[in-house]
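**Q**
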Amino acid sequence: MKYTAKYSQLVMPDNINVIGTLFGGQMISWMDIAAAKVSYRFLKGTEAIGAVTRAIEKVEFKEPVYTGEWVNFESTVIETGKTSFKIKVDAIAEGRERGERLACTAVIIMVSVVKDENGKYHKYEHGKLCE
Ligand SMILES: CC(C)(COP(=O)(O)OP(=O)(O)OC[C@H]1O[C@@H](n2cnc3c(N)ncnc32)[C@H](O)[C@@H]1OP(=O)(O)O)[C@@H](O)C(=O)NCCC(=O)NCCS
972 MKYTAKYSQL
982 VMPDNINVIG
992 TLFGGQMISW
1002 MDIAAAKVSY
1012 RFLKGTEAIG
1022 AVTRAIEKVE
1032 FKEPVYTGEW
1042 VNFESTVIET
1052 GKTSFKIKVD
1062 AIAEGRERGE
1072 RLACTAVIIM
1082 VSVVKDENGK
1092 YHKYEHGKLC
1102 E
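For the sequence shown, the residue numbers in our numbering are 972 to 1102.
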């Protein structure tokens, strides 16, 4: 099965850096949420209580993004391991003046987890595959 998810954010003045464009740390935080959304779909039907971010790889900021623009995130599970799975996240900016463009890309590794009786998280073999 193919696992994908979409998620959007409006860029507000609070999200802007000192040079007037979207702050990179904010973009990464939103990409992590986009990865969480597809993780939720991927793990539906398993005993995992969720997934945690283990690594964020290959982050590339390709185009600046400005206040008032939308950022549309598309996340796809591209590879699976035993407890881990790899997600590609594309962030597509959309604005009245500049149109649509690929603003940022990243590959995020999530690990599926369960919680023990002491509240500690442990990795969990999800047993799932992607296309
Ligand atoms: C996720 C966690 C429970 C797993 O702990 P662990 O028992 O040490 O397991 P490991 O991290 O060694 O391995 C788990 C999987 O991640 C993979 N992995 C570990 N580091 C990796 C990296 N840098 N890049 C890609 N994959 C990685 C391993 O290969 C393994 O995959 P597999 O089971 O599919 O073969 C633990 O590392 C943790 O709690 N990390 C903190 C997570 C966190 O707080 N994230 C931020 C908030 S969501």
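All C-beta atoms, glycine included, are put in the ideal place defined by N, C-alpha and C.
(1) Is the stretch 973-988 in contact with the stretch 1004-1014, if contact means three or more CB pairs nearer than 8 Å?
(2) Beta carbon of G1090: closer than 7 Å to some heavy atom of ligand 2?
(3) Does the stretch 1018-1029 come within contact of the stretch 1077-1085, defined as at least 3 CB pairs closer than 8 Å?
(4) Give me the pocket residues for ligand 1, defined as CB within less than 6 Å of any heavy atom, sorted by chain position.
(5) Cβ of E1040 within 8 Å of Cβ of V982?
(6) Classify A1007 as helix, strand or coil using the three-state DSSP reduction.
**A** According to the structure shown:
(1) yes
(2) Ligand 2 is not among the ligands present in this structure, which contains only ligand 1.
(3) yes
(4) V1023, T1024, R1025, A1026, G1052, K1053, T1054, S1055, I1080, V1082, V1084, Y1092, K1094
(5) yes
(6) helix
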